[in-house]
Amino acid sequence: MALPLVLKTETFSLLGPMTLKAVDGEEFVRHGWPPGRSVLLLDAVPEDQRSSLLQVPWGAVMSSKPSEVSTAAPVLRHPDPHQGVRPGDIIEVNPDRPMLRVLYRRGDNGNVIFATERCNSFCLMCSQPPREEADEWRVRQNIELVDLIDRDEPSLAITGGEPTLLGEGLVDIIRACGRALPDTDLQVLSNGRGFADSDLALRVRAVSHPKLQWNIPLYADVSAIHDYVVQSASAFDQTIRGLYKLAEAGQRIEIRVVLHRPTVARLAGLARFIYRNLSFVRHVALMGIEPIGFARANHAALWIDPVDYQGELSEAVTFLHGNGIPVSLYNLPLCVLRQDLRAFAARSISNWKNVYLPACGACSLQKRCAGFFASIDKKWTSHGVTAVVSEGEAP
Ligand code: SF4
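Reading the sequence shown from the start, the letters are residues 502 to 896 in this note's numbering.
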């Protein structure tokens, strides 16, 4: 079951906001996290070890019985132990708020570094509607966060908002990731516009992160459709120029296309455009829509049942694959995909927001099916969803 990322708590003697690694005795000894930047999960410590561990100068101590804890450190009330904080997680606490935020869940496949609320686009289907807010403070917090992430974390995404709006701050975060997590795949979700008229790509190249990739959305082979989808004039031109700047700087690039009514009509044309003009990209991801944020308000303009665009999808996938450009399908359930497309589908939805429908209980494909976003409802459900009884059977 997906665990919540925002939990109720109470703080005692906490003087300011803190970002803390959650540890029990074993986690502390094995990984050596700095105690001043850790929160001791007292409920997880055996009774006979508690008093000696409480002598350590922790950043904070968390307990379900805070009034019984004797320590000089700030104390936090442990939320519901079944939904709570586990060793290895990273939390953010603030004395002004009666809740804590889990910034990192050990073992989750969807951990992100949230760069900024701000964005220079206003996409019809934005899942994280932008807010104009002075949030440069996130650079420092994110660098602190990176230092506490497990060294064997397989992958992380930097997301927003539009991360490039942080400018040098984004370069600093990427540099921190390269230093602390050189083996972690790092994907930055950016609209690419910020590279067009700046030297940002060169500054990123100077950091030389070994496993950095830029995931850039492109919604059509013509500017009118792309600019309409992102609700910004000249965005297509800037994104294309940004892509060339990134390629020139030797960066790894994935093109992302969210599939909805405005984008599927020219999908085959977009595939040809990518092959002819952007053949340097490493991968193309064609993605089902997440029904959240602005997408919900724009349902009428966006919704098209995936079973109704299988022809366009198949043409695009066949063309890209046939011409040597790796392509994947994200966020699309297997039963709505034509047989020839299923091999391209990935289980792409983060654990914490991934659900299955009642029909899935009887389905032989569930283990390798992407399923659905937790925000799904009837309006966003394909009429093609049906249990597949055996692998060879057509839906
Ligand atoms: S019925 Fe099967 S293929 Fe369809 S969404 Fe559920 S698990 Fe996936």
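We put the beta carbon where it would ideally sit given N, CA and C, even for glycine.
Extent of the continuous beta strand (DSSP E) run through residue i
| i | result |
| --- | --- |
| residue 653 | From DSSP, residue 653 is part of no beta strand (DSSP E); its letter is neither H nor E. |
| residue 615 | 613-615 |
| residue 593 | 591-594 |
| residue 605 | 600-605 |
| residue 578 | 576-578 |
| residue 564 | 561-564 |
| residue 713 | 713-718 |
Where residue i falls: helix, strand or coil (DSSP)
| i | result |
| --- | --- |
| residue 475 | Only positions 502 to 896 of the chain appear in the structure, and residue 475 is not among them; the question remains open. |
| residue 556 | coil |
| residue 660 | strand |
| residue 829 | strand |
| residue 805 | coil |
| residue 724 | helix |
| residue 704 | helix |
| residue 884 | coil |
| residue 854 | helix |
| residue 895 | The pLDDT assigned to residue 895 is 44, lower than 50, so where the model puts this residue is not dependable, and the model offers no usable value. |
| residue 782 | coil |
| residue 732 | coil |
| residue 902 | This structure gives no information on residue 902, because the portion of the chain shown stretches from 502 to 896. |
| residue 898 | This structure gives no information on residue 898, because the portion of the chain shown stretches from 502 to 896. |
| residue 976 | Here the chain comprises residues numbered 502 to 896, so residue 976 is not present and cannot be evaluated. |
| residue 535 | coil |
| residue 688 | strand |
| residue 818 | helix |
| residue 838 | coil |
| residue 573 | coil |
Residue i to residue j span [Cα, whole Å]
| i | j | result |
| --- | --- | --- |
| residue 704 | residue 813 | 39 Å |
| residue 541 | residue 851 | 27 Å |
| residue 843 | residue 696 | 35 Å |
| residue 649 | residue 567 | 25 Å |
| residue 782 | residue 754 | 5 Å |
| residue 592 | residue 845 | 36 Å |
| residue 588 | residue 855 | 23 Å |
| residue 534 | residue 522 | 8 Å |
| residue 548 | residue 876 | 42 Å |
| residue 737 | residue 727 | 6 Å |
| residue 734 | residue 527 | 55 Å |
| residue 538 | residue 596 | 16 Å |
| residue 872 | residue 883 | 12 Å |
| residue 718 | residue 690 | 8 Å |
| residue 692 | residue 723 | 16 Å |
Residue i: CB within 6 Å of a non-hydrogen atom of ligand 2
| i | result |
| --- | --- |
| residue 808 | Although ligand 2 was asked about, the structure shown includes only ligand 1 as ligands. |
Enclosing alpha helix (DSSP H) for residue i [first to last residue]
| i | result |
| --- | --- |
| residue 763 | 762-765 |
| residue 742 | 736-749 |
| residue 532 | 526-532 |
| residue 541 | From DSSP, residue 541 is part of no alpha helix (DSSP H) but of the beta strand (DSSP E) over 539-542. |
| residue 681 | 669-681 |
| residue 754 | Taken as a continuous stretch (DSSP letters only), residue 754 belongs to no alpha helix (DSSP H), being part of the beta strand (DSSP E) at 753-759. |
| residue 769 | 768-778 |
Inter-residue CB distance, residue i and residue j (contact presumed, cutoff 8 Å)
| i | j | result |
| --- | --- | --- |
| residue 616 | residue 671 | 6 Å |
| residue 886 | residue 834 | 6 Å |
| residue 701 | residue 751 | Not really, about 14 Å apart at Cβ, beyond 8 Å. |
| residue 832 | residue 788 | 5 Å |
| residue 881 | residue 763 | With 8 Å as the limit, residue 881 and residue 763 do not qualify as a contact, their Cβ atoms being about 16 Å apart. |
| residue 643 | residue 675 | Going by Cβ atoms, the distance from residue 643 to residue 675 rounds to 10 Å, so no, they are not a contact pair. |
| residue 897 | residue 657 | As displayed, the chain neither begins before 502 nor continues past 896, which places residue 897 out of reach and without an answer. |
Below 8 Å, how does it come out for the segment 646-664 and the segment 796-806: are there three or more Cβ pairs, yes or no? Contact fails: fewer than three Cβ-Cβ distances are below 8 Å.
Taking three-plus beta-carbon pairs below 8 Å as touching, is the segment 630-639 in contact with the segment 680-697? no
Hey, is the segment 739-748 in contact with the segment 763-777, meaning 3+ C-beta pairs nearer than 8 Å? Segment contact: the segment 739-748 against the segment 763-777, fewer than three CB-CB distances shorter than 8 Å; contact not assigned.
Contact between the segment 814-822 and the segment 855-862: three or more CB pairs below 8 Å? no
Counting beta carbon pairs with one atom in the segment 620-635 and one in the segment 570-589, are three or more of them shorter than 8 Å? no
Can you confirm whether the segment 597-605 touches the segment 509-521 when touching is taken to mean that 3 or more C-beta pairs between the two stretches lie within less than 8 Å? yes
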